[in-house]
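2 protein chains.
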Amino acid sequence: MPARIDLAQRRRDVVEAAFRLLVAEGFTGVSLRKVAVESGLNIGSVRHYFSDHRSLLIAAVTEVGDRMGARLTRHPTDALAGLTGEAAVEALQRRLEELLPVDEERRVESIVLTEFIVAARVHPAFRPVTERMAADLRLAVTDFLRALRVRDPAEEAERIVAVLGGLALDSVTPHGSLGVARVRATLRAHLRSVLTDVAGHTAAR
Amino acid sequence: MPARIDLAQRRRDVVEAAFRLLVAEGFTGVSLRKVAVESGLNIGSVRHYFSDHRSLLIAAVTEVGDRMGARLTRHPTDALAGLTGEAAVEALQRRLEELLPVDEERRVESIVLTEFIVAARVHPAFRPVTERMAADLRLAVTDFLRALRVRDPAEEAERIVAVLGGLALDSVTPHGSLGVARVRATLRAHLRSVLTDVAGHTAAR
DNA sequence: CCCTTCGTGTCACACCCGTGATACTTTTTG
DNA sequence: CAAAAAGTATCACGGGTGTGACACGAAGGG
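Read top to bottom, the protein sequences are chains A and B.
Positions 1 to 205 (the UniProt record's numbering) are the ones given, in order, by the first sequence.
Positions 1 to 205 (the UniProt record's numbering) are the ones given, in order, by the second sequence.
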């Protein structure tokens, strides 16, 4: 048998082509035929690596989930312990910017994820992945805040997650024309307000 | 000619059917044939009131834009002048909750709007409406904050809009299982932090 | 060397879509 | 009363979709 083909690599290529189609044409633009053209393969080949249309899409959403998860766990939480003031803001900002469309690579991932999150409302097949991502994100942010000794980390994490989601949606979609600079600035302003002493919210000690 | 039919009412019925399909099946579920079935009309009739598939969708997004705009302008901005502390939080909360899916009616509107915002990324035909809505919202929130004498109203409005968007997306889509109570609480927590004296952000005087 | 297996490629089928064209019925207007 | 208009209803066409079923070539194992 011709085992010269790296199956995992091929699958990755196809998923990458699906990403490009997701960005260019949205969720419904990802048909088997278009993916075949985009990846330079024949339809038969695509179907050889992904039995289903459905399984291809699930592979795509899983891939984006893995990538974003890796981005988050790249920075150790322990390194946050003891940080105060602007140093704390900077460290947290750097971690959370990993999830925002601040460069082309992250922009693609944000778009792909957004398409799947919205699609998951109607297509339950994607929910396991999107729900797990949301849970992981909440947990990670909560841990960050706990390491920074923020009062009521769970609630503040919820607000931060909401801000992140809103910023990502606004900057990915063309209804806000929110530039990268403003996204960064808005996130930083929010983090500063969370990490600074506030009436009722005692932060770093 | 048989003018017994109220043209505007019929169009509204069809758009309402499109809303239901949008909620149940998402953007791609809104086909002329399905809208015809959902509205109890013949496909020929639907096409009599909306020449195009495209124009039907544009009518739908315009309708949801009008409704949300009306919700926002319902409460006079002047009434905010002079409010301080918890009274200011409460007044602002009531205004912004108009845009969040806190009841079934608003939930439908949030879903429809979300579907169109995401679709607008790939279908420029919807952009005029979604961009106008985003601009109006930013302006309205900025005015609210100015009336409440918040320092730097434009920047704080940006954060609030981001929180609103994130909360709406999270609670509409099933990846967060964010209940109405938690949506309300998170928004309130954010508004409290904005309207309370913060280092660098001097609020109500 | 054969032959099994993997990878590639091609048809055809049934389904759904938007749209153009065209009748037929009903009711109002001149 | 007749004619015109509005509303309702069908048909067929071309295009795109996922999927099942095949056939063909290449390469590794026995």
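In this text, a Cβ means the ideal position worked out from N, Cα and C, and glycines have one as well.
All figures in this text were calculated on a predicted structure; none of them were measured in a lab.
| query | Quick one, are the C-beta atoms of PHE50 of chain B and ALA36 of chain B less than 8 Å apart? | reply | No Cβ-Cβ contact shorter than 8 Å links PHE50 of chain B with ALA36 of chain B.
| field | Three-state secondary structure (DSSP) of GLY82 of chain B | value | Here GLY82 of chain B sits in coil by DSSP.
| task | Tell me, please, whether the segment 159 to 170 of chain B touches the segment 183 to 197 of chain A by the rule of three or more beta-carbon pairs shorter than 8 Å. | result | Touching, per the Cβ criterion.
| request: Compare the C-beta of ARG121 of chain B with all C-beta atoms of chain A and state if any pair is closer than 8 Å. | output: ARG121 of chain B counts as touching chain A.
| said: Rounded to whole angstroms, what is the Cα-Cα separation between VAL15 of chain B and ASP6 of chain B? | reply: Cα to Cα, VAL15 of chain B sits roughly 14 Å from ASP6 of chain B.
| Should LEU167 of chain A be flagged as near chain B, meaning a C-beta pair shorter than 8 Å? | Closer than 8 Å to some Cβ of chain B, the Cβ of LEU167 of chain A qualifies, so yes.
| said: Can you give me the C-alpha to C-alpha distance between residue 241 of chain B and LEU83 of chain A, rounded to a whole angstrom? | reply: Because chain B in this structure spans residues 1 to 205, residue 241 of chain B falls outside the shown range and cannot be described.
| field | Which listed residue (B:ARG12, B:LEU148 and B:THR142) has its alpha carbon closest to that of GLU156 of chain B | value | Cα-wise, what sits closest to GLU156 of chain B is B:THR142.
| query | Can the beta-carbon of ARG127 of chain B be found less than 8 Å from the beta-carbon of PRO174 of chain A? | reply | Going by C-beta atoms, ARG127 of chain B is nearer than 8 Å to PRO174 of chain A.
| Which residues in the same chain have their Cβ closer than 8 Å to the Cβ of VAL172 of chain A, if we skip the five residues on either side of it in sequence? | Take VAL172 of chain A, set aside five residues on each side of it, and the residues of its chain with a beta-carbon closer than 8 Å to its own are PRO101, ARG107, SER110, ILE111 and THR114, in chain order.
| said: As a quick exercise: from B:ARG71, B:LEU96 and B:THR62, pick the residue whose alpha carbon is nearest that of THR186 of chain B. | reply: Of the candidates B:ARG71, B:LEU96 and B:THR62, the one whose C-alpha sits nearest the C-alpha of THR186 of chain B is B:LEU96.
| query | Near LEU167 of chain B, what residues of its chain come up, given a Cβ to Cβ distance below 8 Å and the 5 sequence neighbours on each side ignored? | reply | Correct list, in chain order: LEU100, LEU178, VAL183, THR186 and LEU187.
| said: Helix, strand or coil, according to DSSP, for GLU98 of chain A in the structure here? | reply: Taken through DSSP and simplified to helix, strand or coil, GLU98 of chain A comes out as coil.
| task | Starting from the Cα of ALA24 of chain A, find the closest Cα among A:GLU38, A:SER55, A:ARG12 and A:LEU148 and give me that residue. | result | Nearest of A:GLU38, A:SER55, A:ARG12 and A:LEU148 to ALA24 of chain A, Cα basis: A:GLU38.
| Near-chain B residues of the segment 94 to 121 of chain A - C-beta to any C-beta below 8 Å | Cβ contacts with chain B: ILE111, THR114, GLU115, ILE117, VAL118, ALA119, ALA120 and ARG121.
| said: Do ILE43 of chain A and LEU32 of chain A count as a contact pair if the criterion is CB distance below 8 Å? | reply: Yes; because the gap between Cβ atoms is below 8 Å, this pair is in contact.
| query | So, does the CB of HIS175 of chain B fall closer than 8 Å to a CB anywhere in chain A? | reply | So, interface residue.
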